[in-house]
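Accompanying notes for the structure given below.
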Amino acid sequence: MIAPTSSLARGARALAVGCWATLGAVAAHGTAGGQAPLLAVLPVGVATVLVAGVLAGRRLTATVVVLLLAAPQLAVHLLAGYLHGHDAHLPPAPMLAAHLAGLALVAAGLAHGERLWWEWWAVVSLAVRVLRSAALPATAPLPVAAPARCTAAPLLDHVVVRRGPPAP
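Quick note on numbering that gives the first Met the number 0: the sequence shown kicks off at 0 and runs consecutively.
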């Protein structure tokens, strides 16, 4: 069974958080009319997956989830503005609203998924402990049947030769 802090589980959780964070940033940016170039999305996505991988060994609080989602959105916005030649300015109201709505929606979904992940792990590990404790020990004595008696012995009495002197 895979432990929640194993490298496989941490990688899966980090990939999920990184993909959702980057996808949320691109979707929110595109919804309000902005365009996120691939050159801005790839490094932000990779960095987000790496940071989430480092943090995935423990339970992620709602604050950490929001920060993990907000940082890529800000990074994609700044990189897209830099690559398109825009000056550093506040985004228009529709773009800011789309970013905040996307952040709230994805953060709620990831926080719920995080809670479900740890609850599922607690239930499964309890079930495994109960099943292991209820198992019979491997060294339990097994019943042994008595050897079968030979029924042909009275028929062979005349064949038995006793060696030694005759009885007085």
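Each residue gets a CB set at the ideal place from its N, CA and C atoms; glycine is no exception. Since the structure is predicted, the reported quantities are computational estimates derived from the model, not experimental observations.
Can you list, in chain order, the residues of its chain whose CB lies under 7 angstroms from that of residue i, leaving out five sequence neighbours each side?
i	result
Pro71	Ala20, Thr21, Ala24, Val43, Thr47
Ala74	Val43
Gly17	Gly44, Thr47, Val48, Ala51
Arg148	none
Within the same chain, show all residues whose beta-carbon is closer than 6 angstroms to that of residue i, passing over the 5 residues directly before and after it, in chain order.
i	result
His98	Ala27, Gln72
Ala87	Residue confidence for Ala87 is low, a pLDDT of 49 falling below 50, so the modelled location carries little weight; the figure read from the coordinates is stated next. For Ala87, where only same-chain residues beyond five positions count, there are no Cβ hits under 6 angstroms.
Val105	Trp19, Gly23, Leu68
Trp120	Pro3
Can you find the residues in the same chain that come closer than 8 angstroms, C-beta to C-beta, to residue i, ignoring five residues on each side of it along the sequence?
i	result
Gly112	Ala15
Leu125	none
Relative to the alpha-carbon of residue i, which residue among the options has its alpha-carbon at the smallest distance?
i	options	result
Gly10	Leu41, Ala51, Ala39	Ala51
Ala55	Ala79, Ala8, His76	Ala8
Ala110	Pro167, Leu41, Val64	Val64
Leu115	Ser5, Leu66, Leu59	Leu59
Ala2	Val129, Pro164, Arg57, Val158	Arg57
Ala13	Ala96, Val53, Trp120, Arg148	Val53
Thr30	Leu49, Leu41, Leu82, Leu95	Leu95
Gly108	Ala61, Val158, His157	Ala61
If I'm right that residue i touches residue j with Cβ under 8 angstroms, what's the distance once you round it to whole angstroms?
i	j	result
Leu78	Ala39	4 angstroms
Pro36	Leu66	24 angstroms between Cβ atoms; not a contact.
Inside the segment 106-140 only - beta strand (DSSP E) runs reaching at least 3 residues
The beta strand (DSSP E) runs lying completely inside the segment 106-140 and spanning 3 residues or more number zero.
Restricting to runs no shorter than 4 residues, where is the alpha helix (DSSP H) found entirely within the segment 29-59?
Entirely contained in the segment 29-59, the alpha helix (DSSP H) runs reaching 4 residues are, in chain order, 37-54.
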